[in-house]
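Each residue of the sequence shown is one higher than the last, beginning at 106 in this note's numbering.
Heads up, the beta-carbon is just placed ideally off N, CA and C, and yes, glycines get one too.
To start, the structure itself, in structure tokens.
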Amino acid sequence: MNKLSGYVNLGSHKGRLLLIGSDALDLLDRLTTNRISDLTSTGMGMGAVLTTNKGRIIDLLGVHVEEKGLMVVTSGNATEKVSDWIDFYTIMEDVEIKNVSDQTFHFRVIGTSSEIEVLPDTTGLKPFHGVQTEIAGVSSLAISLQVGNFSCIDLIGSAVRGDSVQSKLDEYLKEIRIDEYNHFRIDAGEPAYGSELTEEFNPLEAGLLPYISFNKGCYIGQEVVARLNTYDKVQRKLVKFKWDSENCELSGKVIEDEDRVVGVMTSSLHGLGMGFVRKAKAEEGNVMICDGVKITVADILAD
106 MNKLSGYVNL GSHKGRLLLI GSDALDLLDR LTTNRISDLT STGMGMGAVL TTNKGRIIDL
166 LGVHVEEKGL MVVTSGNATE KVSDWIDFYT IMEDVEIKNV SDQTFHFRVI GTSSEIEVLP
226 DTTGLKPFHG VQTEIAGVSS LAISLQVGNF SCIDLIGSAV RGDSVQSKLD EYLKEIRIDE
286 YNHFRIDAGE PAYGSELTEE FNPLEAGLLP YISFNKGCYI GQEVVARLNT YDKVQRKLVK
346 FKWDSENCEL SGKVIEDEDR VVGVMTSSLH GLGMGFVRKA KAEEGNVMIC DGVKITVADI
406 LAD
């Protein structure tokens, strides 16, 4: 799967909010872990974590600057929660939040743009940066992404013409089912909402360090996140597991070592999984037990 090019329809699996107004950038900067204020030009973008006042994960966002405002990509099941959270902290600011999820298509192409004729060349773009392009005559925002070590391109545009874009993609690429993509994202170490992205965990133990700035202004949850980093107080790490049987569903099961609970499996599919374990156990090659199945740490996903 991870050796093939293809595309997946994320229309209902990701949410899309449009933030309009002169204070949108500043407000989002005060609510998230990254330096959103650095996004000064159309086409720029970055990932950022929306955190609670206890420094726990609400969602991992993709923030992209368009001419009409900020396109904020959320996890599908988190869209309303993210919108409500931003709205709660919108007091006197000039910010309007529009949920455009139902009005937009969202396809993710796995593969390098230079290898796929129909796509714009995004190889020179930083992750989360994007360009406006046309596919099958349809205006689309093409965003460069890295999912683990894999290059991807997200395509977002008006849902009215989404079928035309999908038909054009079908001419060049195989459509990937959601279960296939889920296996890919576990293998790539991409966290998912409701599994690794929950208020049970903080951004540092979930491997979200690339989306955190430690020299920006204040944001909700900053003191907790900064203290965890400064004093090395992170107790758990997100790791990738592998095991022999492909038929075991281990999500939500506790992980044990020498009859002691040391963690929890958060995602699993076809012999691959992701889970949080105590820091001391997060070493590649370590063998543990989950629901009677022998599992091996294949990769450390949190620094």
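For residue i, three-class secondary structure by DSSP
{"i": "residue 384", "result": "helix"}
{"i": "residue 269", "result": "helix"}
{"i": "residue 334", "result": "helix"}
{"i": "residue 181", "result": "helix"}
{"i": "residue 206", "result": "helix"}
{"i": "residue 340", "result": "coil"}
{"i": "residue 193", "result": "helix"}
{"i": "residue 264", "result": "helix"}
{"i": "residue 328", "result": "helix"}
{"i": "residue 114", "result": "strand"}
{"i": "residue 276", "result": "helix"}
{"i": "residue 223", "result": "coil"}
{"i": "residue 289", "result": "helix"}
{"i": "residue 321", "result": "coil"}
{"i": "residue 392", "result": "strand"}
{"i": "residue 132", "result": "helix"}
{"i": "residue 349", "result": "coil"}
{"i": "residue 252", "result": "strand"}
{"i": "residue 164", "result": "strand"}
{"i": "residue 119", "result": "strand"}
{"i": "residue 408", "result": "coil"}
Those residues which DSSP pairs with residue i across a bridge
{"i": "residue 158", "result": "None; residue 158 has no bridge partner."}
{"i": "residue 213", "result": "113 and 259"}
{"i": "residue 172", "result": "Paired residue(s): none; residue 172 is not in a bridge."}
{"i": "residue 376", "result": "Paired residue(s): none; residue 376 is not in a bridge."}
{"i": "residue 247", "result": "236 and 260"}
{"i": "residue 403", "result": "DSSP output for residue 403 lists no bridge partner at all."}
{"i": "residue 302", "result": "298"}
{"i": "residue 361", "result": "366 and 394"}
{"i": "residue 124", "result": "175 and 202"}
{"i": "residue 149", "result": "Answer by DSSP bridge pairing: none, since residue 149 is not bridged."}
{"i": "residue 137", "result": "155"}
Integer-rounded CB distance, given that residue j should sit under 8 Å from residue i
{"i": "residue 295", "j": "residue 407", "result": "Actually they are not in contact, since the Cβ atoms of residue 295 and residue 407 sit about 13 Å apart, beyond 8 Å."}
{"i": "residue 403", "j": "residue 347", "result": "5 Å"}
{"i": "residue 372", "j": "residue 291", "result": "5 Å"}
{"i": "residue 146", "j": "residue 131", "result": "About 16 Å; that fails the 8 Å criterion."}
{"i": "residue 369", "j": "residue 342", "result": "Going by Cβ atoms, the distance from residue 369 to residue 342 rounds to 12 Å, so no, they are not a contact pair."}
{"i": "residue 167", "j": "residue 150", "result": "7 Å"}
Same chain, Cβ closer than 6 Å to residue i, five either side skipped, listed in chain order
{"i": "residue 230", "result": "249"}
{"i": "residue 393", "result": "360, 362 and 400"}
{"i": "residue 321", "result": "140"}
{"i": "residue 113", "result": "213, 281 and 286"}
{"i": "residue 165", "result": "154 and 302"}
{"i": "residue 211", "result": "115, 116, 119 and 261"}
{"i": "residue 396", "result": "355 and 358"}
{"i": "residue 279", "result": "111"}
{"i": "residue 366", "result": "359"}
8 Å CB neighbourhood of residue i in its chain, flanking five on each side removed
{"i": "residue 251", "result": "232 and 257"}
{"i": "residue 350", "result": "376 and 398"}
{"i": "residue 207", "result": "264"}
{"i": "residue 276", "result": "223"}
Where residue i falls, given that 16 or more other Cβ within 10 Å makes a residue buried
{"i": "residue 331", "result": "exposed"}
{"i": "residue 323", "result": "exposed"}
{"i": "residue 163", "result": "buried"}
{"i": "residue 416", "result": "Lying outside 106 to 408, the shown extent of the chain, residue 416 is not represented and no answer is given."}
{"i": "residue 340", "result": "exposed"}
{"i": "residue 287", "result": "buried"}
{"i": "residue 261", "result": "buried"}
{"i": "residue 127", "result": "exposed"}
{"i": "residue 197", "result": "exposed"}
{"i": "residue 345", "result": "buried"}
{"i": "residue 307", "result": "buried"}
Contacting residues, own chain, Cβ-Cβ under 7 Å from residue i (five flanking each side not counted)
{"i": "residue 182", "result": "298 and 299"}
{"i": "residue 238", "result": "225, 245 and 247"}
{"i": "residue 117", "result": "181"}
{"i": "residue 106", "result": "In this prediction, residue 106 has a pLDDT of 43, which is less than 50 and means its spatial position is unreliable; nothing more can be read from the coordinates."}
{"i": "residue 303", "result": "162"}
{"i": "residue 188", "result": "122, 202 and 204"}
{"i": "residue 334", "result": "309 and 319"}
{"i": "residue 129", "result": "174, 175 and 200"}
{"i": "residue 326", "result": "156, 157, 158, 159 and 160"}
{"i": "residue 405", "result": "342, 344, 387 and 389"}
{"i": "residue 209", "result": "121, 261, 262, 263 and 264"}
Residue i Cβ short of 8 Å to the ligand FAD heavy atom set
{"i": "residue 247", "result": "The model depicted lacks the ligand FAD and carries no ligand whatsoever."}
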